[in-house]
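This report concerns only the one structure given below.
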Amino acid sequence: MTDLNDLSKSALSAAMRGGTAGWGKIGSADDHIRYSEKKPARPGRRRTCYCGCNGPATHSGMANGMALTSACELGIARWVRTGSVHATR
1 MTDLNDLSKS
11 ALSAAMRGGT
21 AGWGKIGSAD
31 DHIRYSEKKP
41 ARPGRRRTCY
51 CGCNGPATHS
61 GMANGMALTS
71 ACELGIARWV
81 RTGSVHATR
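Just so you know, we're using UniProt numbering here: the sequence shown kicks off at 1 and counts up by one.
Below is the structure:
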């Protein structure tokens with residue numbers, strides 16, 4: 001069982017809405033609640049964002065306690081809403 005006291009605010013919200021079955025073991029963007037978390041600060045170069053802005057990937061797209069993707073803050077906010085990091089054209 002997952003200790004709910006150790007979860008971040010956004011992870012706790014997702015756990016309460018979607019349940020904690022398989023938390024941290026399996027995550028699916030289609031079957032679980034998507035949420036974002038800021039990546040920890042690391043010295044050195046960050047990965048480039050996948051949304052196309054060419055900025056650093058500062059946030060992780062999470063589902064059921066598992067990191068599924070990474071992008072800039074705007075890209076991950078878009079992923080949480082739509083399931084895609086890229087803007088629709």
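We put the beta carbon where it would ideally sit given N, CA and C, even for glycine.
The model shown is predicted, which means the values in this text are computed figures rather than measured ones.
Environment of residue i [buried if 16+ CB atoms lie within 10 Å]
i	result
ILE76	buried
GLY52	exposed
ARG78	buried
ALA67	exposed
GLY27	buried
HIS86	exposed
SER70	buried
Beta-carbon separation (whole angstroms), residue i vs residue j, contact threshold 8 angstroms
i	j	result
ALA57	ARG42	Actually they are not in contact, since the Cβ atoms of ALA57 and ARG42 sit about 11 angstroms apart, beyond 8 angstroms.
Proximity to residue i [Cα-Cα], best of the options
i	options	result
ASP31	LEU7, ALA15, CYS72, SER70	ALA15
GLY24	LYS39, LYS9, ASP3	ASP3
(request) Please determine if the region 53–68 and the region 27–42 are in contact, where contact requires at least 3 C-beta pairs separated by less than 8 angstroms. (result) yes
(request) With a floor of 3 residues, list each beta strand (DSSP E) that falls wholly inside the UniProt region "Disordered" (18–45), ordered by position along the chain. (result) 34–38
(request) Write down every uninterrupted run of the alpha helix (DSSP H) in the region 40–82 whose length is 4 residues or greater and which is fully enclosed by it, in chain order. (result) 73–82
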